[in-house]
Amino acid sequence: MSETEKYASAQFSDLLGYQLNDVESKHSPRNGIFYKGVMKIPLSCPRVSVIGSRISSHQGLSNARKITKFLVENNVIIVSGLARGIDTMSHKTAIECGGKTIAVLGTPLNKTYPKENMALQNHIMTHHMAISQYPVNHHTTPKDFVLRNYTMAIISNAAIIVEATDSSGSLYHAWEALRMGRPVFFCKEMLDEKLDWPKKILNHGGMVLDDLHDILQNIPSDSTMNYSD
């Protein structure tokens, strides 16, 4: 079996179970996606991205764990980007709490970034699901991680930004989610930081996460619901 044959591929509409609308299609992967895992396609929902800084504070990691645990207890699939910090905490907490998680990679499935997450990526590919829009042995560039954030936003029914800086990839994810009409939440601690973009996103419909139950009020509860309805 060749390296490419180890991974399945699908069109984005097959992955989500509906035809993307014009807004969703704008930044969707044109050549479909590659995936490995045990989750059935089309993916069930709700699916929520829990994302944030690679260099994370103790409070940020604590918040990511608390949010992820709550979502898992309410049968929400955790989506994140396998990066250091908040992403890693989100994936690991979902696994530890018996939930489901999807890793959306900025690399091909046969590569890992960061390298220390190789065991985590392998576990997710074996017991959950990893997704990439990049073919095997694709040469990874910084832009690929930006495009990965767009893809993660399309896959998710909502986004929670736990902790981030002005240069964080979470910025791209948040704006893309808003553009498509997905709910975007910020942990309230972010508003205490000297950041400009969270305030701008709040002015365009983003929400401060005051109560975890607010998430459940803003996402589909039925696994058959989607944005084409």
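Residues in the sequence shown are numbered from 16 upward in steps of one, following this note's numbering. Glycine included, each C-beta is placed from N, C-alpha and C at the ideal position.
Distance between aspartate 226 and tyrosine 50 (C-alpha atoms, nearest Å):
Taking the sequence shown and counting its residues from 1, the one referred to as residue 50 is at position 35. Taking the sequence shown and counting its residues from 1, the one referred to as residue 226 is at position 211. Distance between the alpha carbons of tyrosine 50 and aspartate 226 is about 34 Å.
With a 10 Å radius around its C-beta and 16 neighbouring C-beta atoms as the bar for buried, classify threonine 103 as buried or exposed.
In the sequence shown, the residue the question calls residue 103 occupies position 88. Result: buried.
Cβ shell of phenylalanine 200 (< 6 Å), same chain only, five flanking positions each side left out:
Reading the sequence shown from its first residue, position 185 is the one you call residue 200. Within the same chain, phenylalanine 200 has close Cβ partners Ile175, Met222, Leu224.
Measuring CA to CA, which of Ser72, His106, Pro123, Ser182 is closest to arginine 163?
Working through the sequence shown from its first residue, we reach residue 163 at position 148. The shortest Cα separation from arginine 163 among Ser72, His106, Pro123, Ser182 belongs to Pro123.
By the 10 Å Cβ neighbour count, where 16 or more other Cβ atoms means buried, how is glutamate 111 classified, buried or exposed?
Position 96 of the sequence shown, counting from 1, holds the residue named residue 111. With fewer than 16 other Cβ atoms within 10 Å, it is exposed.
Classify leucine 30 as buried or exposed, calling it buried when 16 or more other Cβ atoms lie within 10 Å of its own Cβ.
In the sequence shown, residue 30 corresponds to position 15, counting from 1. Looking at its Cβ environment, which holds 16 or more other Cβ atoms inside 10 Å, leucine 30 is buried.
Could you compute how far the alpha carbon of arginine 80 sits from the alpha carbon of glutamate 131?
Residue 80 sits at position 65 when you count from the first residue of the sequence shown. Residue 131 sits at position 116 when you count from the first residue of the sequence shown. Each residue's alpha carbon lies about 20 Å from the other.
So what's methionine 195 in DSSP terms, helix, strand or just coil?
Translated into positions along the sequence shown, residue 195 becomes position 180. Reduced to three states, the DSSP call for methionine 195 is coil.
Would you tell me roughly how many angstroms separate the C-alpha atoms of asparagine 218 and glutamate 39, rounded to the nearest one?
As a first step, residue 218 is located in the sequence shown; it is residue number 203 there, counting from the start. As a first step, residue 39 is located in the sequence shown; it is residue number 24 there, counting from the start. Those two C-alpha atoms are separated by around 22 Å.
Quick check on the burial criterion: 16 or more other C-beta atoms within 10 angstroms. Buried or exposed for isoleucine 70?
Residue 70 sits at position 55 when you count from the first residue of the sequence shown. Classification for isoleucine 70: exposed.
Going by DSSP, name the residue or residues bridged to tyrosine 50.
For the purposes of this step, residue 50 is taken as the residue at position 35 of the sequence shown. Tyrosine 50 is bridged to Ala23, Ile146.
Segment limits, beta strand (DSSP E) that includes serine 105
For the purposes of this step, residue 105 is taken as residue 90 along the sequence shown, with counting starting at 1. Premise fails: serine 105 lies in the alpha helix (DSSP H), 101 to 111, not in any beta strand (DSSP E).
Using a Cβ-Cβ cutoff of less than 6 Å, which residues in the same chain neighbour alanine 179 once the five nearest sequence positions on both sides are dropped?
The sequence position of residue 179 within the sequence shown is 164, counting from 1. The residues are Gly67, Ser68, Ser185.
Presumed contact (8 Å Cβ cut-off) between asparagine 89 and leucine 231, rounded CB distance
Within the sequence shown, numbered from 1, the residue matching residue 89 stands at position 74. Within the sequence shown, numbered from 1, the residue matching residue 231 stands at position 216. Confirmed, about 6 Å.
Around the Cβ of threonine 300, are there at least 16 other Cβ atoms within 10 angstroms (buried) or fewer (exposed)?
Nothing about residue 300 can be reported from this structure: the residues present for the chain run from 16 to 244 only.
Simplified DSSP assignment, three categories, for valine 38:
Taking the sequence shown and counting its residues from 1, one reaches residue 38 at position 23. Reduced to three states, the DSSP call for valine 38 is helix.
Close Cβ partners of leucine 74 (< 7 Å) along its chain, the five nearest in sequence each way excluded:
Reading the sequence shown from its first residue, position 59 is the one you call residue 74. Before going on, a small fix: residue 74 reads as glutamine here, not leucine. Excluding residues within five positions, the ones whose Cβ falls inside 7 Å are Glu204.
Can you give the beta carbon distance from glycine 52 to methionine 144, rounded, assuming they're within the 8 Å contact cut?
To locate residue 52, count along the sequence shown from 1; it is residue 37. To locate residue 144, count along the sequence shown from 1; it is residue 129. Contact flag correct, Cβ pair sits at about 3 Å.
Spatially closest choice to leucine 55 from Ala23, Ile234, Asp229, by CA coordinates
Numbered from its first residue, the sequence shown carries residue 55 at position 40. According to the sequence shown, residue 55 is lysine rather than leucine. Closest option to lysine 55, Cα to Cα, is Ala23.
May I have a chain-ordered list of the alpha helix (DSSP H) segments no shorter than 4 residues that lie completely inside the region 59 to 137?
73 to 88, 101 to 111
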